[in-house]
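Chemist:
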Ligand SMILES: Cc1ncc(COP(=O)(O)O)c(C=O)c1O
């Protein structure tokens, strides 16, 4: 076995793509998913502390899966609250976005069905689709012709999987057009809103609601670990879908439920998000960052989201540029192949409400100098 491990790790070394865990130093954050700064909000921390000061008779763990001892009035009430906010019929909380997508895709598609994914779809959707017995297709990123070709070749019940904001590019899916194609071919559209929640929509509801498509999608996956600054996810859809997932989604059934502390945090983070000043500051910072590259030859992927990417081809070149930025105090991470396609390696710059204009200006000046 050691030989196998050595061989696989050596391959990664050779490709300059060996992953390793890093501890945070005091760099300026241009890499975390805490787009609104809620993970570090003093107000949120105080609200959570206040809740448990008053409600001290609680268990630290959920003590079981939701189907056994892990359910609570709080969990069900929170689901109702989120369903109302997101204008859905029903919702089911999962322990993470990974678990939500894994459970949804693995359980919903059957042998003889088809799952069609955008080629840039997140790994947890690929893993879920793999666990199902359905046939799997990918279509070219955001390419409607490519999607339609796959739809024409599909059989059984069809599912289309897209992200509203793509995690590795920051660009958005043409959801109106994809939804029209889904209708034309009687396909079920599933939208992962991980990087759109808290960023898109008037109050951070996500792109689906921003476009008024909430009644046209089969399911939405909203995650709490990005702009909401905490942990967990909810699958939004019909009441029937919720009951189905409770019965068939193995990543829901066979795991200990989220503890009360996590549920209270989710509730408080939604209340914080609704205060909106952070969303407005984030949007201002995104626009400010983009303006810095107008008229330059920096290869910025078109994006209005908090994720801004600059293509730097080749793992070594991309890694070295990120290292240079880090040495100058900026936490910017390289995204290397095989995480993204060879030749499409990039610096992934995440903008936040708490990034100052001075820090953004300094980062952009350095980027323009070294690229
Ligand atoms: C598009 C997308 N979906 C799902 C997930 C998984 O969410 P979580 O981190 O809550 O497991 C991620 C996180 O990387 C993501 O980027």
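Numbering (this note's numbering), first residue to last: 11 to 381.
A virtual CB, placed ideally from N, CA and C, is assigned to each residue, including glycine.
In this text, all values refer to a predicted model and were calculated from it rather than measured experimentally.
1) Please report the residue range of the alpha helix (DSSP H) in which residue 173 lies.
2) When the distance is taken between beta carbons, is residue 377 closer than 9 Å to residue 357?
3) Mind the definition here: the stretch 57-73 touches the stretch 292-308 only if three or more C-beta pairs lie below 8 Å; say whether that holds.
4) Within this structure, are the beta carbons of residue 273 and residue 214 separated by less than 9 Å?
5) Would you list, in sequence order, the uninterrupted alpha helix (DSSP H) runs of no fewer than 4 residues that lie entirely inside the stretch 196-278?
6) Here's a check: name, in chain order, each residue in its chain whose Cβ is nearer than 6 Å to the Cβ of residue 110, leaving out the five neighbours to either side.
7) Along the alpha helix (DSSP H) that carries residue 140, what are the first and last residues, could you check?
8) Using 8 Å as the Cβ pair cut-off and three pairs as the minimum, do the stretch 145-165 and the stretch 113-128 touch?
9) Excluding five sequence neighbours on each side, which residues of the same chain lie with their C-beta closer than 7 Å to the C-beta of residue 268?
10) Within 10 Å of its beta-carbon, does residue 368 have 16 or more other beta-carbons around it, so buried, or fewer, so exposed?
11) Name the DSSP bridge partner or partners of residue 100?
12) Whose CA, out of 343, 152 and 151, lies closest to the CA of residue 32?
13) What separation, rounded to the nearest whole angstrom, lies between the Cα atoms of residue 82 and residue 76?
14) Cα separation between residue 51 and residue 313?
15) DSSP state of residue 64, grouped into three classes?
16) Please report the Cβ distance between residue 172 and residue 218, rounded to the nearest whole angstrom; I am assuming they are in contact, meaning their Cβ atoms lie under 8 Å.
17) Pick out whichever of 108, 346, 92 and 114 has its Cα sitting closest to the Cα of residue 26.
18) Comparing the CB of residue 18 with every heavy atom of ligand 1, is any distance shorter than 8 Å?
19) So, using beta-carbon positions, are residue 310 and residue 280 closer together than 9 Å?
20) Give me, in chain order, the residues of the same chain whose beta-carbon lies closer than 8 Å to that of residue 114; leave out the 5 immediate sequence neighbours on both sides.
21) For residue 222 versus residue 206, is the C-beta distance shorter than 9 Å?
Modeler: Quick look at the numbers:
1) From DSSP, residue 173 is part of no alpha helix (DSSP H) but of the beta strand (DSSP E) over 168-173.
2) yes
3) no
4) no
5) 217-220, 249-258 and 260-263
6) 104, 231, 243 and 245
7) 133-141
8) yes
9) 72, 103, 105 and 242
10) exposed
11) 247
12) 343
13) 8 Å
14) 26 Å
15) helix
16) With a Cβ gap of about 10 Å, residue 172 and residue 218 do not count as contacting.
17) 346
18) no
19) no
20) 138, 200, 229, 231, 245, 255 and 259
21) no
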